[in-house]
Each structure stands twice: as C-alpha cells, then as structure tokens.
Amino acid sequence: MTKKYVIAVIGATGNVGHEVLNYLAERKFPVEQIFAAASPESVGKQVSFGDDTLKILQLSEINFKNIDIAFFCTGSAISKKYAEIAAKDGCIVIDKSSYFRLNDEVPLIVPEANLNDLKDFKSGIISNPNCCTIPLSVVLKPLDNAAKIKRIIISTYQSVSGAGKAAMDELYKQTKAKFVFENIPARALPHQIAFNLFPQIGDFRDDGYSDEEYKIEHELKKVFGSHISASVTCVRVPVFVSHSMSVNVEFENKLDALEAEEILYEADSVTVHNINNQFKYATPVDAVENDEVFVSRIRNDLSNPNTLNMWICSDNLRKGAALNAVQIAEYVIKNI
C-alpha cells in the first residue's frame, strides 16, 4: 500500500504556490491531507486543489509537527522566521526563497543536475534554486558532464511574473493605459515596464551587481562545483510569464554545436530546436505552461574555441519554481 503524506503549502495564493498545488494534484502526489496557508488578507479565501477546494489558513494555524512536507512558496522573511521551526518539528521543508540557497548546510537541488547532493541530507530543509538557475542547470549539466564547463556568460530576459502578481497587474495596467494616453506610475517595479525594459532585478550591491545576478552566479557554483565561473546580467522585460537567457559557454574540452545538440536531445526535461533550421527557435510564449526547458540557436562561437552560444526559454513559474519543488518532493518520498 502506497504511503500518503500530510502536506502544507505556505504562500498558496501566490503564483508559485498556485502552481505547486496544481502539480501535486496533476502528478498524483500521494497526499493524505493538505493544508494551504497565505498572508492574513487571504485567510478564509479558497484555492483549488484538483477537484477540491482548500480554505486558506493563517500560518500560525499550521502545526508542523503534524506535517510531513512543507512547500514554502514565500519570500525570505517568512522562510527565515518559520522554515527552521518547521524542520525542527520533523517536517521536510522545500523552500523557494533565496534565504537558505547559499547556506552550506542546506542542499540546493535541481533534480536533473545534482540529486547526489541529497545523499547526506540532514538539515530538514532543501532549497529550490533561482528561476534562472534551474533551467540553466537542466541544459548545462549534460554539457558539463561531456566537456567540463570553464566559464559562462549569461544575459537574462526575465518576465514580470518573477516579481509577483502585483508586477503582472502593473504591466497589464500600464500597457492598457498607454493606448488611451494615460500613465500608471511604477510601484511594484523600479521603472515603467510597459514598452520598456531595465537591467535591474533586486537591489544593487556595493560591487555594482544586482541581487539577482549575484544569486545566479553563486547558485551555479553550488550546483555545478567551484570549477565554473559565471558572469550574469539580469534584465526585466515586458513579458508576463517565462524567462529567456542568452548563454555563452566556454568548455575545458572540445565540444561543437552538433555534438551539444545530440547530447541535449537525450537530456531529461529539455526540448531542442534543430540547429539546421535557422528559423526555428524558442520564444517565451512557447515555454508558457510547458514543463520542458527549451533550447535553440545552438552555435559555435566564432571568436573563441571550445565555446558555444545558445538561447534558453523556460516557464519560470513551472520548471523554474513549482515543478522543480514537486520533483524534489517526489525524490524525497522515494529515497529519503
């Protein structure tokens, strides 16, 4: 008889929490009972879980001693305050926030890339990487295995859903307002996003990098190992869902575009657009509501040997966040 688990989804009304609930239902995760919690203003509302509805609870109503797995689909402040409490109560925490990602005691997991990092899992908390780190790891890990990556240069083009529902609403309202010659001021984002883009995601650090750029660079090192160096520029673009990335990858050993394409055809969770068709490439729209990571425009860098360029698109709410978390949970119940 299949064991069933008591689950809690914290942040259930947010973009990622909503998708976690969808995946748990769609993938028939063995749920005995499930609780949904969110911010005080959402308490008492209902969210869907398969054919059922769940009443939103206050986080204080969740007794983590009775929970097997908790998905924290929240920002760092909530995870900082409650995740370790949940773990000490015996609950396995899968945390979406950035709070624990670079903690040496907490594994940072992309199932297609580094499940071995869970072999000595003891902390009770597993960190879900950044929504760009995940698709980058899915695509680049098989190539690293083949030719050992030396350096990565990445420019990201990130949708507003990564900044939450308020940012999505802001893009919609600003776009609509422009057609009637009105202006909606930026509140959820640092600048107008309609018909615009800007190279800032998160606050800026003293070294000139944004928080998002720092996260991706250091998370890639944690997933792949210290042999990789990365340079990242993150840009917010007027797209509702899906992140895209222009990636330049330098290898220690020889690997040309055709060889890379063959490797990626066999890789889990990757859809490759054939490089022989120059007009067939992925866009953010193609990736929306898809579980696969799309890679296209794989080509040799003519300026540098052993180097490839490629274009990656991924639904940041699905594989970039919720699906990755649920895949971690699926591994945990089978192996830990």
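First residue of the sequence shown? That's 218 in the numbering used here, and the numbers climb one at a time after it.
Beta carbons: idealized from backbone N, C-alpha and C, even for Gly.
query	result
Distance between beta carbons of A255 and I284, contact taken as under 8 Å	Not confirmed; about 16 Å, so no contact.
Of the residues G381, Q375, H408, the one placed nearest Q391, counting alpha carbons only	H408
Cβ pair E506, V489 closer than 8 Å	no
Span of the alpha helix (DSSP H) around M385	382 to 395
Meets three-Cβ-pair contact criterion under 8 Å: the segment 308 to 315 and the segment 283 to 300	yes
Completely contained beta strand (DSSP E) runs for the segment 308 to 345, where each covers 3 or more residues	309 to 312, 342 to 344
I369 versus D532: straight-line alpha-carbon distance, rounded	21 Å
Among K551, A304, C349, the one whose alpha carbon lies nearest that of E436	C349
Beta-ladder partner(s) of K272, from DSSP	Q263
Coarse secondary structure for K439, derived from DSSP in three states	helix
Cβ contact (3+ pairs, closer than 8 Å) linking the segment 417 to 425 and the segment 434 to 450	no
Neighbourhood of V237 by C-beta distance below 7 Å, restricted to the same chain and skipping five residues each side	V226, F288, C290, A539, A542, V543
Own chain residues within Cβ distance below 6 Å of D428, not counting five before or after	G419, D420
Beta-carbon proximity check, A504 vs P359, cutoff 8 Å	no
Cβ-based neighbour list, V223, same chain, cut-off 7 Å, excluding 5 preceding and 5 following	E249, Q250, N283, I284, D285
Close Cβ partners of N526 (< 6 Å) along its chain, the five nearest in sequence each way excluded	N465, R516, D518
Start-to-end residues for the beta strand (DSSP E) that takes in I286	286 to 289
Segment contact flag, the segment 371 to 391 with the segment 449 to 464, C-beta cutoff 8 Å, min 3 pairs	yes
Three-state secondary structure (DSSP) of E249	strand
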